[in-house]
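Q: Take a look at the following structure, please.
Here it is, written out as structure tokens:
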């Protein structure tokens with residue numbers, strides 16, 4: 014008996030299990046090709062989620078930068094701190110998402 018990941022929910026299950034106890038996926042009725050297709054679909058879905066997060070992080074970064082550029086808030090004002098915070102959070106969030114995407118692509 015070996016522990017494998019369910020292709021539907023990615024939780025650990027026995028390779029002898031016919032039905033996943035977590036997501037109720039009927040593993041006994043699936044062929045190897047269908048199981049592989051489910052795993053690929055799940056990986057692509059995860060990649061798309063991180064691509065969307067990267068896009069939102071980029072929007073946050075650019076929003077903070079453009080606000081500072083057009084409005085030129087006073088130094089040490091609440092607007093300046095908020096714009097700098099948006100730039101910092103957006104930049105870090107974007108970089109983390111890109112690293113995760115590279116890891117997911119190499120994982121194949």
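In the working numbering, the protein residues as written are 14 to 121.
The C-beta atom is built at its ideal place from N, Cα and C for all residues, glycine as well.
These numbers come from a predicted model, not from an experiment.
#1: Measuring alpha carbon to alpha carbon, tell me which of 80, 19, 61 and 108 ends up nearest residue 43.
#2: Measuring only the C-alpha atoms, how far is residue 116 from residue 59?
#3: Where DSSP assigns a beta bridge to residue 105, which residues make up the other side?
#4: Give me the Cα-Cα distance between residue 22 and residue 36, rounded to the nearest whole angstrom.
#5: Can you list, in chain order, the residues of its chain whose CB lies under 6 angstroms from that of residue 54, leaving out five sequence neighbours each side?
A: Taking the definition as stated:
#1: Closest by alpha carbon: 19.
#2: Spanning the two alpha carbons is a distance of roughly 12 angstroms.
#3: Paired residue(s): none; residue 105 is not in a bridge.
#4: 6 angstroms
#5: none
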